[in-house]
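The listed protein sequences derive, respectively, from chains A and B. For the first sequence, the residue numbers in numbering that gives the first Met the number 0 are 0 to 334. For the second sequence, the residue numbers in numbering that gives the first Met the number 0 are 0 to 177. Here a beta-carbon is modelled for each residue, glycine too, at the ideal position from N, C-alpha and C.
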Amino acid sequence: MAAAWQKLVNFLGPDLTIIVVGLVGVLALVQVNALFLVWLERKVAAHIQLRIGPKEVGPFGILQTIVDGVKLVSKELITPRHVDRKLFMLAPIAIFLPVLVSFVVIPFSERLHIRDLNVGLLVIFAFSTFNVLAILMGGWASNNKYSLLGAVRSVAQNVAYEIPLLLSILSVLLWSNSLQMSVIVESQSNVWNVFWMPVAALIYLICATAETNRAPFDIPEAESELVAGFHTEYSGMRFALFFLAEYSNMLIVAAVATTLFFGGWKSPPFLGFLPVPGLIWFLLKTYILIFVVMWVRWTFPRLRFDQLMNFCWKIMIPLALFHLIVYAGIIKFIR
Amino acid sequence: MNSVQSLIQPQFLAQVGFVGIVAITFAGALIAVFPRDILYNVLGLIVCLTGVAGIFVYLGSPFVALMELLIYVGAICISIIFAIMLSRPLHLSLPKRRLPKVGLAMGVGAVVFIALSTIIFRTAWEPALMRSNDWSVTTLGKYLLTRYDLVFEAISLVLLVAILGAIVISGYARRSPS
Numbered sequence: 000m001a002a003a004w005q006k007l008v009n010f011l012g013p014d015l016t017i018i019v020v021g022l023v024g025v026l027a028l029v030q031v032n033a034l035f036l037v038w039l040e041r042k043v044a045a046h047i048q049l050r051i052g053p054k055e056v057g058p059f060g061i062l063q064t065i066v067d068g069v070k071l072v073s074k075e076l077i078t079p080r081h082v083d084r085k086l087f088m089l090a091p092i093a094i095f096l097p098v099l100v101s102f103v104v105i106p107f108s109e110r111l112h113i114r115d116l117n118v119g120l121l122v123i124f125a126f127s128t129f130n131v132l133a134i135l136m137g138g139w140a141s142n143n144k145y146s147l148l149g150a151v152r153s154v155a156q157n158v159a160y161e162i163p164l165l166l167s168i169l170s171v172l173l174w175s176n177s178l179q180m181s182v183i184v185e186s187q188s189n190v191w192n193v194f195w196m197p198v199a200a201l202i203y204l205i206c207a208t209a210e211t212n213r214a215p216f217d218i219p220e221a222e223s224e225l226v227a228g229f230h231t232e233y234s235g236m237r238f239a240l241f242f243l244a245e246y247s248n249m250l251i252v253a254a255v256a257t258t259l260f261f262g263g264w265k266s267p268p269f270l271g272f273l274p275v276p277g278l279i280w281f282l283l284k285t286y287i288l289i290f291v292v293m294w295v296r297w298t299f300p301r302l303r304f305d306q307l308m309n310f311c312w313k314i315m316i317p318l319a320l321f322h323l324i325v326y327a328g329i330i331k332f333i334r
Numbered sequence: 000m001n002s003v004q005s006l007i008q009p010q011f012l013a014q015v016g017f018v019g020i021v022a023i024t025f026a027g028a029l030i031a032v033f034p035r036d037i038l039y040n041v042l043g044l045i046v047c048l049t050g051v052a053g054i055f056v057y058l059g060s061p062f063v064a065l066m067e068l069l070i071y072v073g074a075i076c077i078s079i080i081f082a083i084m085l086s087r088p089l090h091l092s093l094p095k096r097r098l099p100k101v102g103l104a105m106g107v108g109a110v111v112f113i114a115l116s117t118i119i120f121r122t123a124w125e126p127a128l129m130r131s132n133d134w135s136v137t138t139l140g141k142y143l144l145t146r147y148d149l150v151f152e153a154i155s156l157v158l159l160v161a162i163l164g165a166i167v168i169s170g171y172a173r174r175s176p177s
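This is how it looks when you write it as structure tokens:
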């Protein structure tokens, strides 16, 4: 094993080894994470609604998603006659691009990251745009009014909520003085950002929920009015790719929240004596955040479109701007 | 033990990368101009701008590349898509391409192209090794707020005027009876 590893490193050189092994790891993580989160979502939903949820396949039904996955793989890829074929096939692939790029810069622990770029945070937000574009391509290419409506709503919503999202992050960046993910984590050695910038963390979480198109902000794919929105016409693995991207985006959003506000891989201040590796803390915090997002989804009803837009433009953006000005002043005063 | 580096020359790989990025940029530009489906045009523009971002990465400035993606793809192309969605229904037949319009567009394009290439050829470019290589975010920020402050503010002013213009136009459209 060690000899084979040494051979690989010798052949590829240290840099390429990190990239190749990292990308393989990311692909594995994306799959396992989606399998786990779909199961978790169904269990959380079931227990909130006083049901049991999947329980037949494997202990607590945890293998249910694997069975579903096999079913999806074996299904026919239907391409309806009136769709724009090129864009229709490209959209599920395009939605996966930002997912893979974003994982490159996320620091899972002190040493476990693929690339610690000095513009790390920007990479995630620059590539998250392609997510909207893929949704738009899918909705447009489907040539179906429900799909197009879903896509239009998705674009409007994403553009609106990106503004307070970036504004809320700016105060964290002012404090850490860097866009590098590891430096942002190190700047929280004494106190996690969430404790002294709770409003920014709240704005980030609300906007991130909206960016990932999840309830109560799931109007782009509202099942009861739009018949699943932009992915109505997709079947089999193409549909599964949209689903996979959605759950991977949840993981990315929660991992960025962990990095920015919850101290990344650092242990909670009063539990520092425990010999738990940073990776465990990071994953624990990330999945707790994901659980909160699911909890919100199954607790609040869907917003109407005008309520959603009013909430963003009239409350979130002014609040985020005000927060940024106040914290810029405070940080200037402290330094 | 041979390695990847002995099989493929890094310089060769770099050249292949450069040619690939330039090809993507040109392909995107062509898609942005020729197809008659307006959504394809926008997507082509996005491919083209992504290629430009790739060129910035190639030149060793990832920050500018990501800003290119964030601003041009994330903001400008998305707002173009907005404009498309608010414009006339797409199931209507397309208007014909009129020669004077095409000629005018080509004329404007030629003027911009000539101006840009004149500037490019007149600039005395220094080799990469002779320039300072401190292009960190901090340095760029300092330059923007000191030496290039006027340009920076002028661009902001242009954007402000554009926003006001858009508001005025949409305001008139709303008040008109049709």
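Helix, strand or coil at residue i [DSSP, three-state]
i, result
"A/E224", "helix"
"A/I287", "helix"
"B/S155", "helix"
"A/F336", "There is no way to answer for residue 336 of chain A, as the model of chain A reaches only from 0 to 334."
"B/K95", "coil"
"B/P34", "coil"
"B/A22", "helix"
"B/P179", "Any answer about residue 179 of chain B is impossible in this case: the structure gives chain B only from 0 up to 177."
"A/K265", "coil"
"A/L343", "No answer is possible for residue 343 of chain A: it lies beyond the span of chain A, which begins at 0 and ends at 334."
"A/D14", "helix"
"A/D115", "coil"
"A/A184", "The question names Ala, but residue 184 of chain A is Val in the sequence shown. Note: A/V184 maps to helix in three-state DSSP."
"A/I168", "helix"
"A/V190", "coil"
"B/Q14", "helix"
"A/I330", "helix"
"B/A8", "A quick correction: the sequence has Gln, not Ala, at residue 8 of chain B. In the structure shown, B/Q8 sits in coil (DSSP, three-state: anything other than H, G, I, E or B)."
"A/G5", "It should be noted that the sequence gives Gln, not Gly, for residue 5 of chain A. DSSP places A/Q5 in helix when its eight states are reduced to three."
"A/F310", "helix"
"A/M293", "helix"
"A/F304", "helix"
"A/T298", "coil"
"B/T145", "coil"
"B/P126", "coil"
"A/E109", "coil"
"A/N176", "coil"
"A/M196", "coil"
"A/M0", "coil"
"B/S78", "helix"
"B/S169", "helix"
Supposed close pair residue i, residue j - CB separation, criterion 8 Å
i, j, result
"A/F304", "A/F107", "Going by Cβ atoms, the distance from A/F304 to A/F107 rounds to 37 Å, so no, they are not a contact pair."
"A/Y246", "A/A209", "About 17 Å; that fails the 8 Å criterion."
"A/E224", "A/N143", "Not quite, the Cβ-Cβ distance comes to about 14 Å (not below 8 Å), so this is no contact."
"A/W264", "A/V171", "Actually they do not touch by this definition, with Cβ atoms about 16 Å apart."
"A/A44", "A/W297", "5 Å"
"B/I80", "B/V41", "6 Å"
"B/I77", "A/V252", "About 19 Å separates the two Cβ atoms, so there is no contact after all."
"B/L69", "A/F124", "6 Å"
"A/F95", "A/A214", "Between A/A214 and A/F95 the Cβ distance is about 23 Å, and since that is not below 8 Å, they are no contact."
The ligand ATP heavy atom lying under 7 Å from the CB of residue i
i, result
"A/S170", "As presented, the structure is devoid of all ligands, the ligand ATP included, so that no description of it is given."
CB contact check: residue i to chain C, cutoff 8 Å
i, result
"B/I166", "No chain C appears in the structure shown, which is made up of the protein chains A and B."
If we require 4 or more residues per run, which alpha helix (DSSP H) segments fall completely within the region 208-259 of chain A? Positions of the alpha helix (DSSP H) runs, each at least 4 residues long and wholly inside the region 208-259 of chain A, are given as 222-225 in order along the chain.
Return the residues of the region 112-131 of chain A that lie within a Cβ-Cβ distance of less than 9 Å from chain B, sorted by chain order. Within the region 112-131 of chain A, the residues whose Cβ lies closer than 9 Å to any Cβ of chain B are, in chain order, L116, N117, V118, L121, V122, F124, A125, F126, S127, T128, F129 and V131.
Only counting runs of 4 or more residues, tell me where the alpha helix (DSSP H) segments fall wholly within the region 34-106 of chain A, in order along the chain. Every alpha helix (DSSP H) stretch that sits fully inside the region 34-106 of chain A and reaches 4 residues is listed by chain position as 63-73, 84-93 and 96-104.
Listed from N- to C-terminal order along the chain, which residues in the region 3-15 of chain A have their beta-carbon within a distance smaller than 7 Å of any beta-carbon of chain B? Answer in chain order: N9, F10, L11, G12 and L15.
Contacting positions in the region 59-78 of chain B - beta carbon closer than 7 Å to chain A: For the region 59-78 of chain B, the residues whose beta carbon sits under 7 Å from a beta carbon of chain A are, in order, P61, F62, L65, L68, L69, V72, G73 and I77.
Anything in the region 11-38 of chain B with a Cβ closer than 7 Å to a Cβ of chain A? List those residues in chain order, please. Listed in sequence order: L38.
Ordered list of beta strand (DSSP E) runs contained in the region 99-123 of chain B, each at least 3 residues: Taking 3 residues as the shortest admissible run, the region 99-123 of chain B contains no complete beta strand (DSSP E) segment at all.
Where are the alpha helix (DSSP H) runs, 4 residues long or more, that stay fully inside the region 118-165 of chain A, in chain order? DSSP assignment within the region 118-165 of chain A yields the following whole alpha helix (DSSP H) runs of 4 residues or more, N-terminal first: 119-126 and 128-140.
Could you name the residues of the region 266-294 of chain A whose beta carbon sits closer than 9 Å to any beta carbon of chain B, in the order they occur along the chain? Flagged: no residues at all.
Please list, in chain order, the residues of the region 148-178 of chain A that have any C-beta partner in chain B closer than 7 Å. Cβ contacts with chain B come from V151, V154, V158 and L178.
Contact set between the region 304-321 of chain A and chain B, restricted to residues whose Cβ is under 7 Å from the partner: Against chain B - using a Cβ distance shorter than 7 Å - the region 304-321 of chain A contributes no residues.
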